[in-house]
Amino acid sequence: MTPRTALVTGSSRGIGRAIALRLARDGAAVAVNYRERRDQADEVVETITRAGGRAVAIGADLGSAADCARLAQSARQALGPIDILVNNAGVFRKGDVADFDFAQWEAMRSINVDGVAHVTRAVLADMKARHWGRIVNIASIAGIGTATAGTTFYAATKAAMIAFTRRFALDLGPHGITVNAIAPGFIATDMAKQSGADFDAIAAKAMMRRVGTADDIAAATAFLASEEAGFITAQVLTVDGGRTDFVAHA
Numbered sequence: 000m001t002p003r004t005a006l007v008t009g010s011s012r013g014i015g016r017a018i019a020l021r022l023a024r025d026g027a028a029v030a031v032n033y034r035e036r037r038d039q040a041d042e043v044v045e046t047i048t049r050a051g052g053r054a055v056a057i058g059a060d061l062g063s064a065a066d067c068a069r070l071a072q073s074a075r076q077a078l079g080p081i082d083i084l085v086n087n088a089g090v091f092r093k094g095d096v097a098d099f100d101f102a103q104w105e106a107m108r109s110i111n112v113d114g115v116a117h118v119t120r121a122v123l124a125d126m127k128a129r130h131w132g133r134i135v136n137i138a139s140i141a142g143i144g145t146a147t148a149g150t151t152f153y154a155a156t157k158a159a160m161i162a163f164t165r166r167f168a169l170d171l172g173p174h175g176i177t178v179n180a181i182a183p184g185f186i187a188t189d190m191a192k193q194s195g196a197d198f199d200a201i202a203a204k205a206m207m208r209r210v211g212t213a214d215d216i217a218a219a220t221a222f223l224a225s226e227e228a229g230f231i232t233a234q235v236l237t238v239d240g241g242r243t244d245f246v247a248h249a
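Be aware that the sequence shown starts at 0, since it is given in numbering that gives the first Met the number 0, and climbs by one per residue.
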């Protein structure tokens with residue numbers, strides 16, 4: 000495998016952490032991005048370097064275009080030109096149309112939507128220069144339309160990410176860059192465990208009768224970021240164990 004450099008946003012814990020560790024295991028140098036949890040990001044870096052890999056922790060607020068540009072530049076200086084971008088960072092604010100606190104909309108949209116565009120733009124020069132790149136956006140089945148109350152506005156941001164995926168793929172395909180999305184179902188991260196969600200009830204909605212793990216998403220990401228996925232682009236890979244609770248099936 001050709002040595003690659005990956006930037007994984009929001010990778011100090013949960014799904015992002017699992018993706019960073021998996022890409023490092025597959026031979027990539029990894030920039031571990033965090034916003035507030037420097038100690039957890041440092042732990043991810045330490046885990047990678049202990050295993051013989053290369054990694055660096057870089058803090059950035061993805062709601063800021065300037066910070067996104069600095070993030071990419073810092074990763075480039077520390078590890079080399081960026082070949083793989085995983086847009087994983089995201090925030091969730093609960094609410095439906097009748098009760099959503101619109102003061103929270105800007106914070107959620109700035110990370111889940113604007114941040115994806117800003118970081119993607121910041122890495123394009125590296126990928127275009129080598130006519131090779133992999134961009135994987137971690138969306139959600141909410142963006143496809145699961146029937147889960149309280150997720151309406153979050154779902155809108157993830158639907159926008161899915162739209163970005165397809166349109167960025169159209170723009171970047173001639174440069175040898177693939178752009179795909181993964182739509183995870185319910186994943187048993189520490190955050191999910193602290194939410195009080197009923198894991199058994201959620202598992203019952205899936206054909207596989209279980210909730211997902213961060214490693215399930217990391218495995219799918221590793222494939223889409225690999226050499227083998229070079230003829231796959233503009234796709235949304237649902238990794239949800241076969242969830243059946245959708246608003247519409249058209």
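Cβ coordinates follow ideal geometry from the N, Cα and C atoms, glycine included. Every value quoted in this text rests on a predicted model; they were computed, and no experiment measured them.
Checklist entry - Between the segment 109-127 and the segment 3-14, do three or more beta carbon pairs fall short of 8 Å? => result Contact between the segment 109-127 and the segment 3-14 is established, with three or more Cβ pairs separated by less than 8 Å.
Next on the checklist: Using a Cβ distance threshold of 8 Å, determine whether the segment 101-114 contacts the segment 14-31, with at least three qualifying pairs required.
Outcome noted: With the cut-off at 8 Å, the segment 101-114 and the segment 14-31 do not touch.
Next on the checklist: Taking the straight line between their C-alpha atoms, what separation do you get for Val115 and Leu169?
Outcome noted: 16 Å
Next on the checklist: I need the DSSP call for Gly132, collapsed to helix, strand or coil.
Outcome noted: In this structure, Gly132 counts as strand in the three-state DSSP scheme.
Item to check | Chain-order list of residues whose beta-carbon lies under 6 Å from that of Val235 (same chain, five-residue window excluded) | outcome: Ile161, Ala180 and Ala182
Next on the checklist: According to DSSP, Ala5 sits in a beta bridge with which residue or residues?
Outcome noted: Answer is Val29 and Ile83.
Checklist entry - When the Cα of Lys157 is compared with those of His130, Arg34, Gly229 and Asn86, which residue comes out closest? => result Asn86
Next on the checklist: Given this structure, state the Cα-to-Cα distance separating Ser109 from Ala159, to the nearest angstrom.
Outcome noted: Cα to Cα, Ser109 sits roughly 12 Å from Ala159.
Next on the checklist: Using 8 Å as the threshold, is the C-beta distance between Arg12 and Gln39 below it?
Outcome noted: yes
Item to check | Inter-residue spacing [alpha-carbon to alpha-carbon] between Thr212 and Ile186 | outcome: 5 Å
Checklist entry - With 16 as the cutoff for other CB atoms within 10 Å, does Asp215 come out buried or exposed? => result buried
Next on the checklist: Please list the terminal residues of the continuous beta strand (DSSP E) segment that includes Ala56.
Outcome noted: Ala54 to Gly58
Item to check | 7 Å Cβ shell around Asp268 - same chain, five flanking residues per side excluded | outcome: The displayed coordinates of the chain run from 0 to 249. Any statement about residue 268 would go beyond what the structure contains.
Next on the checklist: Only counting the same chain, and skipping five residues up and downstream in sequence, which positions put a Cβ closer than 6 Å to that of Val210?
Outcome noted: Phe185, Ala187, Phe198, Ile201 and Ala202
Item to check | the segment 89-100 touching the segment 46-60, judged by at least three CB pairs closer than 8 Å | outcome: no
Item to check | Arg209 - DSSP class collapsed to helix/strand/coil | outcome: coil
Checklist entry - What is the C-beta distance between Thr232 and Gly172, in whole angstroms, given that I count them as a contact (C-beta under 8 Å)? => result 6 Å
Next on the checklist: Tell me which residues share the same chain as Thr220 and place their Cβ nearer than 8 Å to its Cβ, disregarding the 5 neighbours each side in the sequence.
Outcome noted: Ile18, Arg21, Leu22, Val85, Val135, Ile137 and Ile181
Next on the checklist: Taking the alpha-carbon of Val118 as reference, which of Pro2, Gly149 and Arg75 has the nearest alpha-carbon?
Outcome noted: That would be Arg75, whose Cα lies nearest to the Cα of Val118.
Checklist entry - Is it the case that the Cβ atoms of Leu78 and Ala155 are separated by a distance below 8 Å? => result no
Checklist entry - Taking the DSSP output, what are the residues bridged to Arg242? => result Ala205
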